[in-house]
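The next block holds one structure in the form of structure tokens; read it before the comments.
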Amino acid sequence: MVAKTPASNETDIAVIGGGLVGSAIAWGLGRLGHAVTVLDEGDIAYRASRGNFALVWVQSKGLGMPEYAGWTKASAEQWPGFAAALHEETGLDVRYEQPGGFILCLSEAELEARRDAMMRLHNQPAMVKYPYEILDHAETKRRMPAIGPDVAGSSFCPLDGHVNSLRLFRALHQSFSRHGIDYRPEHDVQTITPLADGFEIIGAWGRLKAGKVVLAAGLGNARLGPMVGLHVPVKPSKGQIIVTEKAAPFLPHPVVTIRQTDEGGVMIGDSQEDLGFNTVVTNPVISTMAERAVRMFPVLGGLNVVRTWSALRVMTEDGFPIYDQSASYPGAFVATCHSGVTLAANHALTIAPLIAAGMFPEDRFGVFSARRFHVPAAA
Amino acid sequence: MFRRLPEARGEPLNFTLDGKPFSARSGDSVAAALLAAGIETCRATPVSGAPRGPYCMMGVCFECLVTIDGVGNRQGCLIPLSEGMRIETQQGARAIAQEVA
Ligand SMILES: Cc1cc2nc3c(=O)[nH]c(=O)nc-3n(C[C@H](O)[C@H](O)[C@H](O)COP(=O)(O)OP(=O)(O)OC[C@H]3O[C@@H](n4cnc5c(N)ncnc54)[C@H](O)[C@@H]3O)c2cc1C
Ligand code: FES
Numbered sequence: 009m010v011a012k013t014p015a016s017n018e019t020d021i022a023v024i025g026g027g028l029v030g031s032a033i034a035w036g037l038g039r040l041g042h043a044v045t046v047l048d049e050g051d052i053a054y055r056a057s058r059g060n061f062a063l064v065w066v067q068s069k070g071l072g073m074p075e076y077a078g079w080t081k082a083s084a085e086q087w088p089g090f091a092a093a094l095h096e097e098t099g100l101d102v103r104y105e106q107p108g109g110f111i112l113c114l115s116e117a118e119l120e121a122r123r124d125a126m127m128r129l130h131n132q133p134a135m136v137k138y139p140y141e142i143l144d145h146a147e148t149k150r151r152m153p154a155i156g157p158d159v160a161g162s163s164f165c166p167l168d169g170h171v172n173s174l175r176l177f178r179a180l181h182q183s184f185s186r187h188g189i190d191y192r193p194e195h196d197v198q199t200i201t202p203l204a205d206g207f208e209i210i211g212a213w214g215r216l217k218a219g220k221v222v223l224a225a226g227l228g229n230a231r232l233g234p235m236v237g238l239h240v241p242v243k244p245s246k247g248q249i250i251v252t253e254k255a256a257p258f259l260p261h262p263v264v265t266i267r268q269t270d271e272g273g274v275m276i277g278d279s280q281e282d283l284g285f286n287t288v289v290t291n292p293v294i295s296t297m298a299e300r301a302v303r304m305f306p307v308l309g310g311l312n313v314v315r316t317w318s319a320l321r322v323m324t325e326d327g328f329p330i331y332d333q334s335a336s337y338p339g340a341f342v343a344t345c346h347s348g349v350t351l352a353a354n355h356a357l358t359i360a361p362l363i364a365a366g367m368f369p370e371d372r373f374g375v376f377s378a379r380r381f382h383v384p385a386a387a
Numbered sequence: 008m009f010r011r012l013p014e015a016r017g018e019p020l021n022f023t024l025d026g027k028p029f030s031a032r033s034g035d036s037v038a039a040a041l042l043a044a045g046i047e048t049c050r051a052t053p054v055s056g057a058p059r060g061p062y063c064m065m066g067v068c069f070e071c072l073v074t075i076d077g078v079g080n081r082q083g084c085l086i087p088l089s090e091g092m093r094i095e096t097q098q099g100a101r102a103i104a105q106e107v108a
């Protein structure tokens, strides 16, 4: 056995949270040569990173904040390079694919609502331009022959894709050692105390001094933020997922609620519930999901379900991410979002270098600050 | 490798495996019938293509998957053999489209 060197109690940058957000940022920082320590609560944590749907999804994002649409599109553009870098470093292919994705509508009314939503999204001033199409039944069927007669039509966007998100998580963690990133599981952070020249991070495991601290603790950010002058109003939003046995490929594109994984299993999931910290799988929700999925693709009716699960999204009130640096304690950053798979490339390749440089430029990132939640609601 | 217990009884039943005729006994599960016929590999896995055969014989390991009368991914150890069954070894993932459409 290799003797374990005692853990150092000083680091350049401490990343709190080893989920997808923290791991992508740590990886990006480690590649730039910074000494990074990742502190993670451990396996009892509520971890969206291990229970998500694995879409790298663009088409429906950004109504109400066009900058978020641009940010999402930028991540989709960075994804091929990000996946290639991970492949080269770890030998793991995270199976990023971008065949374009569909949102299927099961009635004319749904299709009309979809057309409106896409129009409102793309009519916003400052909206980034990208192609999308609204398709009728016949054209949707031509591109995806497995759809059923109940599908009235769809929207399609060529930027949408998907990935094997468990392999992504594994690849990031596997490359930690290559970049000298010190990953410490079972290191729940209790308190963070700002010092004159950095931060002291304290838990039952001991203490760590860091020059900078990055809050990437998902739902845990709400509690940790105020300790370093950051406001991080995030709440859990439950999502449930069904996965079937592996089948031969039949679905050439991801659909926002149904996708066939690279290994053949079909994932079905489109529920959103606000029930607090509750991860019980409930039959009415699961059966509605299954019923809609079978109407979209009747062949699914012949597949066996092998598992169902639920996990908690990390949600802000408006659904958009928060990227902020503390005004009162510079050097303390927060990054949190509900689409950590989609945005992983941005977190690794854009957010990490900005944290290293010491700031999120106001012109691009001001909109993502949690200051937006301080505006008093209009009467 | 497997031998039947001398006291085990049952009527003879015919089935085919990948089109070749075999016989077994009533009361056999599909997986037992295959093992008794000396067949130890019933599928290749969808991810790595590794050969697999019945293992737990009680429904928990999913190693015994075969195609029965055209339906893929059936657990051979849980399905009683019946006269004339058309059993096929399964190479990789089951097909779905042709069965249900
Ligand atoms: C059902 C579902 C489907 C989804 N589908 C998609 C999708 O298709 N595409 C997409 O882009 N995104 C999707 N997401 C969202 C995506 O999974 C999340 O955005 C992402 O995983 C969030 O990562 P995170 O690192 O912020 O949070 P988490 O994965 O929750 O990780 C937070 C980490 O912080 C640690 N932590 C918390 N508190 C502390 C503390 N005090 N001290 C130390 N460590 C702490 C925890 O241990 C945990 O590991 C989905 C989410 C869900 C729930
Ligand atoms: S042999 Fe294990 S499930 Fe059939």
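Chains A and B, in that order, give the protein sequences.
Sequential numbering from 9 applies to the first sequence in our numbering.
Sequential numbering from 8 applies to the second sequence in our numbering.
Built from N, CA and C at the ideal position, the CB exists for glycine as well.
Where residue i sits in the DSSP three-state scheme
| i | result |
| --- | --- |
| residue 136 of chain A | coil |
| residue 163 of chain A | strand |
| residue 72 of chain B | strand |
| residue 28 of chain B | strand |
| residue 69 of chain A | coil |
| residue 62 of chain B | coil |
| residue 350 of chain A | coil |
| residue 319 of chain A | strand |
| residue 10 of chain B | coil |
| residue 367 of chain A | coil |
| residue 197 of chain A | coil |
| residue 61 of chain A | coil |
| residue 423 of chain A | Chain A is shown only over 9 to 387; residue 423 of chain A falls outside these bounds and no answer can be derived. |
| residue 292 of chain A | helix |
| residue 55 of chain B | coil |
| residue 232 of chain A | helix |
| residue 49 of chain B | coil |
| residue 17 of chain A | coil |
| residue 264 of chain A | coil |
| residue 144 of chain A | strand |
Nearest residue (CA-CA) to residue i, options the options
| i | options | result |
| --- | --- | --- |
| residue 39 of chain B | B:99, B:94, B:102 and B:26 | B:94 |
| residue 380 of chain A | A:326, A:364 and A:345 | A:326 |
| residue 168 of chain A | A:81, A:375 and A:291 | A:81 |
| residue 321 of chain A | A:24, A:21, A:98 and A:28 | A:28 |
| residue 313 of chain A | A:131, A:272 and A:38 | A:272 |
| residue 192 of chain A | A:329, A:358, A:25 and A:363 | A:25 |
| residue 17 of chain A | A:207, A:259, A:368 and A:105 | A:207 |
| residue 264 of chain A | A:99, A:350 and A:205 | A:350 |
| residue 249 of chain A | A:277, A:240, A:376 and A:366 | A:277 |
| residue 100 of chain A | A:291, A:174, A:378 and A:36 | A:174 |
| residue 221 of chain A | A:118, A:203 and A:315 | A:203 |
| residue 366 of chain A | A:339, A:344 and A:374 | A:339 |
| residue 238 of chain A | A:119, A:341 and A:66 | A:341 |
| residue 109 of chain A | A:47, A:46, A:73 and A:148 | A:148 |
| residue 22 of chain A | A:235, A:375, A:217 and A:291 | A:217 |
| residue 152 of chain A | A:304, A:353 and A:356 | A:304 |
| residue 214 of chain A | A:139, A:182, A:199 and A:227 | A:199 |
| residue 211 of chain A | A:226, A:205, A:224 and A:232 | A:232 |
Residues of its chain near residue i, where Cβ-Cβ distance is below 7 Å and the 5 sequence neighbours each way are ignored
| i | result |
| --- | --- |
| residue 302 of chain A | 308 and 309 |
| residue 32 of chain B | 17, 18, 19 and 20 |
| residue 58 of chain B | 48 and 51 |
| residue 78 of chain A | 136 |
| residue 357 of chain A | 36, 86 and 90 |
Cβ neighbours of residue i in the same chain (closer than 6 Å, five flanking residues each side left out)
| i | result |
| --- | --- |
| residue 109 of chain B | Residue coverage of chain B in this structure runs from 8 to 108, which leaves residue 109 of chain B outside it and unanswerable. |
| residue 142 of chain A | 123 and 163 |
| residue 115 of chain A | 160 |
| residue 259 of chain A | 268 |
| residue 62 of chain B | 68 and 70 |
| residue 158 of chain A | 114 and 303 |
Inter-residue CB distance, residue i and residue j (contact presumed, cutoff 8 Å)
| i | j | result |
| --- | --- | --- |
| residue 85 of chain B | residue 66 of chain B | 5 Å |
| residue 180 of chain A | residue 32 of chain A | 6 Å |
| residue 270 of chain A | residue 58 of chain A | Wrong, their Cβ atoms sit about 17 Å apart, outside the cutoff. |
| residue 35 of chain A | residue 195 of chain A | No, residue 35 of chain A and residue 195 of chain A are not in contact; Cβ-Cβ is about 18 Å, not under 8 Å. |
| residue 56 of chain A | residue 240 of chain A | 15 Å between Cβ atoms; not a contact. |
| residue 36 of chain B | residue 83 of chain B | 6 Å |
| residue 64 of chain A | residue 165 of chain A | Their Cβ separation, rounded to whole angstroms, is 11 Å, which puts residue 64 of chain A and residue 165 of chain A out of contact at 8 Å. |
| residue 256 of chain A | residue 274 of chain A | Contact flag wrong, Cβ pair sits at about 11 Å. |
Neighbourhood of residue i by C-beta distance below 8 Å, restricted to the same chain and skipping five residues each side
| i | result |
| --- | --- |
| residue 8 of chain B | 42, 45 and 47 |
| residue 14 of chain B | none |
| residue 299 of chain A | none |
| residue 354 of chain A | 79, 82, 83 and 86 |
Within-8 Å CB hit, residue i to chain E
| i | result |
| --- | --- |
| residue 103 of chain B | In the structure shown, chain E cannot be found, because the protein chains are A and B. |
Task: Exercise answer, beta-carbon shell around ligand 2 heavy atoms below 7 Å - done: B:38, B:61, B:62, B:63, B:64, B:65, B:66, B:67, B:68, B:69, B:70, B:71, B:82, B:83, B:84 and B:85
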